[in-house]
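What follows is one structure encoded as structure tokens, with my remarks underneath.
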Amino acid sequence: MKKPYSSQQTPSIKTTSSDSFDMTAFLIHILRHTGLWLILVVFFGLIGFLSSFVPAYRTYANYTEDTSSATETSINVDYPYIFTSKKIIYIPTEDASLIAQSALSLFKSKSMMETLESEFYKEAMSEEYKLRNRMVTYNYRLHDVLESPYSLGNFSSIMDCYINPNISVIPSGHSNVGTMSTDNYHFLVVSADTGNEELSTNMCSRAAELLINEVSSLIGSFDYELIDRATEITLPSADNGLIPITSTGSVVTTERPKLSAIVRGSFKASLWGIVIATFSSIFIGFFLEVTSQKIISVSEARSYGSPILTTVKSEKSKAIFHPIQQLIDKLEGSERPCESLSTAVEVTASYINRYISDEKLCKRVLITGSVDDTLLSGICELFRQKDASSGIEYLSSAFISDTAATVDAADENTLILLVEKLNYTSKVDYSFELRQFDLLGRTVIGTLLIK
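Numbering (our numbering), first residue to last: 802 to 1252.
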């Protein structure tokens, strides 16, 4: 028996070799998952926008101009305060420059640091880890700061010594010795800053005492006076991107952010969300196509060897994606589908009449497929109405493995017309149907494909 509509009669679509990148196939893949991309864009874009906008707006809403008063009223709260203790060594003599320069060169000498380490190192390390914990708790530092080891370098950085020529308060009993000159070496400042006020005070006092002894050992005794300064209490600067918080939820900041800057930053964050959504949709789309068992395109259905007599648009297709589907059809080289199922039935009936007329076969057609029985019955009824004058007997039956009636109806005088639906019919079912009818020696005239 002559094979109906060999696959060679249908114009083939040119494809690239398997070892090269197929841009057309890639574009088709992207377009097929436009809906997924839109969902992910909205999701990740919104997350990116809100993740930037919410904390920034909280900063804006909770901003208070007088941050110093807020510090005073909540000084007992366990914030990551840094206590800086200072001792001023006032040198009233004319040779203050020599003494100050000697002090700067001897500060943190080996003997001085060995003494300080033996007395304060363990306590300083303990207070440093406590301070780091408070910084993480109040969002000044990232959590990885807790994993950083404490070293002698950290201990050494607690203390500092420098010349301050801007101090003009002279202790009683001393004359004003050139304190307003730009090279004023009369005020030598020794400082220590830790997360514990008492530790800062003790370390600063001890460092100043050791420094005076070191200088005296080098150049001999000299006139000086120690001046105590009030301990300075400050909060550390936060790491980039972090917004510190207080126990009341107010934000520690020095300048109120502008709403326009908040919105701009939020939109930039949402752009990153769109980028993530795009790559995610491509990856998920490829995964879905690789793992999918459904027939998703006309060209894929045609690859099984059964002629696609007609294609028809699904009545449930969404209008919003219609232009995208048209572009996909053009890229795939798909023929124009029938506008309605009624038209598709008329066109298919013409093919059947021509085939039966040429072959002078018995006029009987079995309509079956993997779609639901109600749709098969409806299509069968349309064939009876549209092709009533031909005398062809049309009957429908369920999927071949669902009922024995289909096998019984497919006798040697009956042609088979398959009705399948994209994104519904599985590759396994379609292949199984063709294989079983071939095993029975029956002729599958072709497929009516619903898109």
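Where a beta carbon is used, it is the ideal one built from N, C-alpha and C, also for glycine.
In this structure, does DSSP put residue i in helix, strand or coil?
i, result
"K1222", "strand"
"S853", "helix"
"R935", "helix"
"G1050", "Its pLDDT being 49, under 50, G1050 is placed unreliably by the model, and the measurement read from it follows with that caveat. Correct three-state label for G1050: coil."
"L1249", "strand"
"Y858", "helix"
"T916", "helix"
"T894", "coil"
"A1031", "strand"
"K1095", "strand"
"L1060", "helix"
"A993", "strand"
"V1146", "helix"
"E1026", "strand"
"T1244", "coil"
"T1227", "Before going further, note that residue 1227 is Ser rather than Thr in the sequence given. Looking at S1227 - three-state DSSP - the assignment turns out to be strand."
"F988", "strand"
"I848", "helix"
"I1044", "coil"
"L1216", "strand"
"Q1237", "helix"
"S1232", "helix"
Is the separation between the beta-carbon of residue i and that of residue j shorter than 8 Å?
i, j, result
"R1243", "T1215", "yes"
"K1095", "Y1225", "yes"
"S1143", "L1223", "no"
"S903", "I1020", "yes"
"E1147", "K1114", "no"
"E1221", "T1248", "yes"
"I1246", "I1193", "no"
"S1197", "C1181", "yes"
"F854", "S1067", "yes"
"L1218", "E1234", "no"
"L989", "A901", "yes"
"P783", "P1037", "Outside the displayed span of the chain (802 to 1252) sits residue 783, for which this structure offers no information."
"T1002", "T1032", "yes"
"D961", "S992", "yes"
"T1035", "T885", "yes"
"D1188", "A1145", "no"
"D879", "R935", "yes"
"A1211", "D1174", "no"
Over the uninterrupted beta strand (DSSP E) stretch that includes residue i, give me the two end residues.
i, result
"R1165", "R1165 to T1169"
"K888", "I883 to Y891"
"I964", "M960 to I964"
Over what stretch of residues does the alpha helix (DSSP H) that includes residue i continue unbroken?
i, result
"H1017", "One detail in the question is off: residue 1017 reads as Ser in this sequence, not His. Its alpha helix (DSSP H) spans residues E998 to I1020."
"S1197", "Note, S1197: premise wrong, no alpha helix (DSSP H); beta strand (DSSP E) at E1194 to S1197."
"I1180", "D1174 to K1187"
"V1208", "A1205 to A1210"
"L1110", "Looking at the DSSP string, L1110 is not in any alpha helix (DSSP H); the run it does join, the beta strand (DSSP E), is I1109 to V1113."
"F1200", "Looking at the DSSP string, F1200 is not in any alpha helix (DSSP H), and its letter there is neither H nor E."
"S957", "L953 to S957"
Regarding residue i and the ligand HEM, is the C-beta to nearest heavy atom distance less than 7 Å?
i, result
"Y1225", "No copy of the ligand HEM appears in this structure; indeed no ligand is present at all."
Check whether the region 904-912 touches the region 1005-1018, counting contact only when three or more Cβ pairs, one atom from each stretch, lie closer than 8 Å. yes
Do the region 1198-1207 and the region 1165-1174 make contact, defined as three or more Cβ pairs closer than 8 Å? yes
Give a yes or no on contact between the region 1065-1080 and the region 844-855, applying the rule of three or more CB pairs nearer than 8 Å. yes
When you compare the region 932-946 with the region 1028-1035, are there three or more beta-carbon pairs, one atom per stretch, that lie closer than 8 Å? no
Counting Cβ pairs closer than 8 Å, one from the region 890-897 and one from the region 915-933, do we hit at least three? no
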